[in-house]
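Residue numbers (this note's numbering): 172 to 350.
Beta carbons: idealized from backbone N, C-alpha and C, even for Gly.
It should be emphasised that the depicted structure is a prediction, and the values quoted were computed from it without experimental measurement.
These notes are about the structure you will find just below.
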């Protein structure tokens with residue numbers, strides 16, 4: 172189950188609302204041009220599989236997705252998680268992509284923070300969640316404590332997989348909460 176917390180840009184300490192039902196979450200995401208799909212079952216991977224092995228295993232899964240569409244260029248991102256007793260979440264910078272992209276949570280869990288205008292949407296993501304993001308949507312991801320994360324990014328071109336930092340400091344001002 173996904174959880175979505177909605178924050179106003181000026182009130183980052185307390186969400187204005189917290190949603191737990193997909194029929195409530197999906198319209199808010201769609202308002203930002205974001206689509207969420209749950210992919211199951213996922214191919215089985217070994218702990219030390221190469222990026223090439225991972226992308227080869229997931230190419231057909233992404234090709235069959237109704238959400239992602241034709242996004243043939245893939246990039247694997249591995250993130251180590253801080254231990255559960257860490258004082259603060261790892262720092263992430265707000266970024267965006269020049270073109271529409273998709274991100275598939277292959278292992279681990281965390282939150283994707285989506286920032287547009289004066290609104291911040293914080294979506295819990297877990298294994299099998301596929302998010303399609305429109306071009307130039309500011310966002311960042313923070314892995315859950317104690318869970319290393321493996322994400323596949325997909326785009327139409329290799330150039331589109333290169334993130335650009337937005338320069339906005341909202342990611343440093345928002346204290347990520349586990350959802």
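Assumed close pair residue i, residue j - CB separation to whole angstroms, cut-off 8 Å
{"i": "residue 278", "j": "residue 298", "result": "6 Å"}
{"i": "residue 296", "j": "residue 283", "result": "5 Å"}
{"i": "residue 190", "j": "residue 207", "result": "With a Cβ gap of about 12 Å, residue 190 and residue 207 do not count as contacting."}
{"i": "residue 180", "j": "residue 290", "result": "7 Å"}
{"i": "residue 311", "j": "residue 265", "result": "5 Å"}
{"i": "residue 301", "j": "residue 236", "result": "6 Å"}
{"i": "residue 341", "j": "residue 286", "result": "6 Å"}
{"i": "residue 269", "j": "residue 335", "result": "7 Å"}
Own chain, CB closer than 8 Å to residue i, minus 5 neighbours either side, in chain order
{"i": "residue 204", "result": "304, 305, 308"}
{"i": "residue 183", "result": "291, 341, 344, 345, 346"}
{"i": "residue 327", "result": "241, 242, 243, 244, 270, 271"}
Counted within 10 angstroms of its Cβ, other Cβ atoms place residue i as buried (16 or more) or exposed
{"i": "residue 281", "result": "buried"}
{"i": "residue 256", "result": "exposed"}
{"i": "residue 249", "result": "exposed"}
{"i": "residue 221", "result": "exposed"}
{"i": "residue 343", "result": "exposed"}
{"i": "residue 272", "result": "buried"}
{"i": "residue 212", "result": "exposed"}
{"i": "residue 234", "result": "exposed"}
{"i": "residue 210", "result": "buried"}
{"i": "residue 223", "result": "exposed"}
{"i": "residue 276", "result": "buried"}
{"i": "residue 254", "result": "exposed"}
{"i": "residue 214", "result": "exposed"}
Cβ neighbours of residue i in the same chain (closer than 6 Å, five flanking residues each side left out)
{"i": "residue 245", "result": "226, 323, 325"}
{"i": "residue 329", "result": "244"}
{"i": "residue 339", "result": "265"}
{"i": "residue 195", "result": "none"}
Endpoints, alpha helix (DSSP H) assigned at residue i
{"i": "residue 225", "result": "222 to 235"}
{"i": "residue 195", "result": "193 to 202"}
{"i": "residue 344", "result": "341 to 344"}
N- and C-terminal bounds of the beta strand (DSSP E) containing residue i
{"i": "residue 323", "result": "320 to 326"}
{"i": "residue 176", "result": "175 to 179"}
{"i": "residue 300", "result": "300 to 304"}
{"i": "residue 208", "result": "206 to 209"}
{"i": "residue 274", "result": "272 to 278"}
{"i": "residue 184", "result": "It is not in any beta strand (DSSP E) - residue 184 carries neither H nor E in the DSSP assignment."}
{"i": "residue 309", "result": "309 to 314"}
Cβ-Cβ distance between residue i and residue j below 8 Å
{"i": "residue 321", "j": "residue 232", "result": "no"}
{"i": "residue 177", "j": "residue 199", "result": "yes"}
{"i": "residue 228", "j": "residue 216", "result": "yes"}
Own chain, CB closer than 7 Å to residue i, minus 5 neighbours either side, in chain order
{"i": "residue 197", "result": "207"}
{"i": "residue 188", "result": "177"}
Near the ligand MN: residue i beta-carbon under 7 Å from a heavy atom
{"i": "residue 219", "result": "Of ligands this structure carries none, so the ligand MN is not represented either."}
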